[in-house]
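*Asks:* For the sequence shown, the numbering used here assigns the number 2 to the initial residue and increments by one for each residue that follows. One structure coming up, written as structure tokens, with questions to follow.
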Amino acid sequence: MIKYLLLIVNICLLVSCKEQQSIKERPPIYTEPHRPQFHFSPAAHWMNDPNGLVYYDGEYHLFYQYYPEDIVWGPMHWGHAVSRDMIHWSHLPIALYPDSLGLIFSGSAVIDQDNTAGFGKDAMVAIFTHHNMDLEKAGSKIFQNQSIAYSTDRGRTFTKFDGNPVIKNPGIKDFRDPKVRWDDTHHQWVMVFAAYDKALFYTSKNLKDWRKSGEFGIPGDTRLWECPDLFPIKVEETGDIKWILITSIQKDAPNGGTATSYFVGDFDGAVFKGDTAKQYWLDYGKDNYAFVTWNNVPDDRTLGIGWMSNWQYAQKVPTEKWRSATTLPRSLSLHFDGTEFSLRSMPVAEIEQLYEKPIILSPAIIKDSILVSQDTICNQCVLDLQFKKPTTGVIKIRIANSLDESITVGYNITSNQYFIDRSSSGASDFSKDFAGVHLASCNYQTDTIQMKIFLDKSSIELFADEGRTVMTDIMFPSIPYSNIEIFGDSIALVKGRIHPLRSIWRQ
């Protein structure tokens, strides 16, 4: 018996030692391979859509779709983080858990300054979709309904409204993702949410009682819409106010899979009317989905953030502890060129606090290629480049490692297209839809080519020509990229600099 007990003790000690050794071998949180260093990501487990973006009392709130038990999609909760600057984030406990009405799908949050709902002055009210899995499995169409919850302690805890749901499903299978904002002109709350291939509009005086006021869709387009957003924005050239309707599309985006689009038009307090039926794209990369804007922003900026992945492969990417991150927070501006409107986006200015001493690139004529950075870790930096626009040719910026894995971003003068080529960027065997060249056609002409390229451990974001063309892609190199090379045929580099970026997770 004693020998038996000693054997058990020895086995336990051996297992314990191996477990401790295994734990020691694991990299600390936020230092893992492919872990973003200046983008938000959960400490562990699965995230997708950003939700409930709202500013209050000095804090930007980021809620998000979260499954706290695995690194694939599962029963949805609302994760929660806050920031003073949209760059450095503090994790908070889960804000909303599934309940008897269903899982907690995407939605928004507002600050009820006038206590219209009766929850208290300045109550933070979350508006979300309850998704009932049992009804869905039973074949019912009414498994998604809109509900609310409120917080009177700066978003730290929420109480779900006893009268939920506040909008019952009339019999539409896909009926979700409410975005609410205060309409000051008509003194009412306005809600937009997705109903399969269109956006529905509802209005309310108190966030509890809602009536349908209209809908918007594209005749003949039956692609699934998700995560709509509706907001006014000033036209930079005229000062006029237009309204933007953002919709995220589930398939057949310009470069395949999911992407975020927008329409430009007007809102009369009841329904959005597009100037045309033309659908524009907020981002031409593969990996910016469910982009939505913050409510109650303290200045006159229009600020938003997206989920940096694509449903074609989001649950397969090679990260072990967590899956997914957000894009950089972005500032939107609307411009009119005399013919049509365009929504530009640039990283928020707050990102510049992470800039370290730059490498300055001298003006040069690139006859074949120039190596601008070698034998350094260059996947945590921003490249700011300006070229004189030639009449023909291609400009390429190739970021590579010693295994000859690389990601290339560039501009084709002849076709007037920006591109990102991640065909050889690293791991891609997890999905047939991952490797490839992604294109963004430009409907404008400029005298110069301007590229601001943000490189993180597993992502690249291109902001070209002051935000006229934007592309976001993720990638998974086997080892960090270590050199940057610019290719061109008699291309004039006017100026350039490379800023290393500090991590937001370590001082």
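Just so it is clear, CB atoms sit at the ideal spot from N, CA and C, and this is done for glycine as well. A quick note: this is a predicted structure, and the numbers were derived from the prediction, not measured.
Is it the case that the Cβ atoms of Ser262 and Trp282 are separated by a distance below 8 Å?
*Replies:* Yes, these two residues count as a Cβ contact at 8 Å.
*Asks:* Is the CB-CB distance between Glu406 and Gly427 below 8 Å?
*Replies:* Yes. Within cutoff.
*Asks:* Taking only runs of the beta strand (DSSP E) that begin and end inside the region 381-438, which ones reach a length of at least 3 residues, in chain order?
*Replies:* Entirely contained in the region 381-438, the beta strand (DSSP E) runs reaching 3 residues are, in chain order, 382-389, 395-401, 407-413 and 418-422.
*Asks:* Among all the DSSP beta bridges, which residues are the ones paired with Trp211?
*Replies:* Answer is Ser205.
*Asks:* Let me know if Ile95 comes out buried or exposed under the rule of 16 or more other beta-carbons within 10 Å of its beta-carbon.
*Replies:* Exposed, because fewer than 16 other Cβ atoms sit within 10 Å of the Cβ of Ile95.
*Asks:* Determine whether the Cβ of Thr303 lies closer than 8 Å to any Cβ atom of chain D.
*Replies:* You won't find chain D in this structure, because it holds only one protein chain.
*Asks:* Grouping DSSP H, G and I as helix and E and B as strand, with all else coil, what is Ile352?
*Replies:* Three-state DSSP puts Ile352 in a helix.
*Asks:* With a Cβ-Cβ cutoff of 8 Å, do Ala98 and His78 count as a contact?
*Replies:* It should be pointed out that residue 98 corresponds to Tyr in this sequence rather than to Ala. Yes, the pair counts as a contact, with Cβ atoms nearer than the cut-off.
*Asks:* Could you spell out where the beta strand (DSSP E) holding Met134 opens and where it closes?
*Replies:* That residue, Met134, is in no beta strand (DSSP E); its alpha helix (DSSP H) goes Met134 to Lys138.
*Asks:* Looking only at C-alpha atoms, which of Gln38, Ile499, Trp90 and Thr223 sits nearest to Val373?
*Replies:* Checking every option, the nearest Cα to that of Val373 belongs to Ile499.
*Asks:* Who are the near neighbours of Lys213 in its chain, counting only those whose CB is closer than 8 Å to its CB and skipping five residues on each side?
*Replies:* So the list reads Leu201, Phe202 and Tyr203, once near-sequence residues are dropped.
*Asks:* For Thr160, name the three-state secondary structure that DSSP assigns.
*Replies:* Looking at Thr160 - three-state DSSP - the assignment turns out to be strand.
*Asks:* Measure the alpha-carbon distance for Gln114 versus Ala150 and round it to whole angstroms.
*Replies:* Roughly 16 Å separates the two Cα atoms.
*Asks:* Leu513 by DSSP, collapsed to three states: which one?
*Replies:* This structure cannot speak to residue 513, because the chain is shown only from 2 to 508.
*Asks:* Decide yes or no for the touch test of the region 413-433 against the region 471-478: beta carbon pairs closer than 8 Å, at least 3 of them.
*Replies:* In short, these stretches touch, since the Cβ pair count reaches three.
*Asks:* Output needed for Ile366: all residues of its chain with C-beta closer than 8 Å, excluding positions within five of it in sequence on either side, in chain order.
*Replies:* Correct list, in chain order: Ser491, Ile492, Ala493 and Leu494.
*Asks:* Who does Arg345 pair with in a DSSP beta bridge?
*Replies:* According to DSSP, which records beta bridges pairwise, Arg345 is partnered with Ser334.
*Asks:* In its own chain, which residues sit with a C-beta less than 7 Å from the C-beta of Ser442, not counting the 5 before and 5 after it?
*Replies:* So the list reads Asn417 and Gln418, once near-sequence residues are dropped.
*Asks:* Bridge partners for Ile450 per DSSP, in chain order?
*Replies:* Phe388, per the DSSP bridge assignment.
*Asks:* Is the beta carbon of Met347 sitting closer than 8 Å to the one on Gly497?
*Replies:* Contact flag unset, no.
*Asks:* Have a look at Ser370 and Val410 and give me their C-alpha separation to the nearest angstrom.
*Replies:* C-alpha separation (whole angstroms): 14 Å.
*Asks:* May I ask which residues mark the beginning and end of the beta strand (DSSP E) holding Gln66?
*Replies:* Unbroken beta strand (DSSP E) run through Gln66: Glu60 to Tyr68.
*Asks:* Can Arg182 and Phe232 be called in contact, C-beta distance under 8 Å?
*Replies:* For Arg182 and Phe232, yes; Cβs fall inside 8 Å.
*Asks:* Where do the N-terminal and C-terminal ends of the beta strand (DSSP E) with Asn116 fall, by residue?
*Replies:* First-last for Asn116: undefined, no H or E at that position.
*Asks:* Just to confirm my understanding: we take Lys142, look at its own chain, exclude 5 residues before and 5 after, and list those with CB closer than 8 Å. What are they?
*Replies:* Closer than 8 Å at the Cβ level, and outside the excluded window around Lys142, lie Asn170, Gly172, Ile173 and Lys174.
*Asks:* What does Val193 pair with, by DSSP beta-bridge criteria?
*Replies:* Answer is Lys180 and Phe202.
*Asks:* For the beta strand (DSSP E) that Ile250 lies in, which residues bound it at each end?
*Replies:* Run containing Ile250: Ile242 to Ile250, per the beta strand (DSSP E) assignment.
*Asks:* Do the region 276-291 and the region 248-256 make contact, defined as three or more Cβ pairs closer than 8 Å?
*Replies:* A contact exists between the region 276-291 and the region 248-256.
*Asks:* Val395: which of Gln280, Asn207 and Ile414 sits nearest, CA to CA?
*Replies:* Of Gln280, Asn207 and Ile414, the residue nearest in Cα terms is Ile414.
*Asks:* Can you tell me whether DSSP reads Val111 as helix, strand or coil?
*Replies:* Three-state result, Val111: strand.
*Asks:* Going by other Cβ atoms of all chains shown within 10 Å of its Cβ, with 16 needed for buried, is His132 buried or exposed?
*Replies:* Answer is buried; the Cβ neighbour count reaches 16.
*Asks:* With DSSP collapsed to three states, give me the class of Phe129.
*Replies:* Reduced to three states, the DSSP call for Phe129 is strand.
*Asks:* Do Leu304 and Glu237 come within 8 Å of each other at the CB atom, strictly closer than that value?
*Replies:* Against a cut-off of 8 Å, the Cβ pair of Leu304 and Glu237 comes out as no contact.
*Asks:* Can you tell me the Cα-Cα spacing of Ile400 and Arg423, whole angstroms?
*Replies:* Near 10 Å, if we compare the C-alpha coordinates of Arg423 and Ile400.
*Asks:* Closest to Leu404 by C-alpha separation, out of Gly215, Asn484, Val126 and Val272, would be which residue?
*Replies:* Of Gly215, Asn484, Val126 and Val272, the residue nearest in Cα terms is Asn484.
*Asks:* I'd like the list of long-range same chain contacts for Phe488, defined as Cβ closer than 6 Å, with 5 residues on each side in sequence excluded.
*Replies:* Correct list, in chain order: Ser370 and Lys397.
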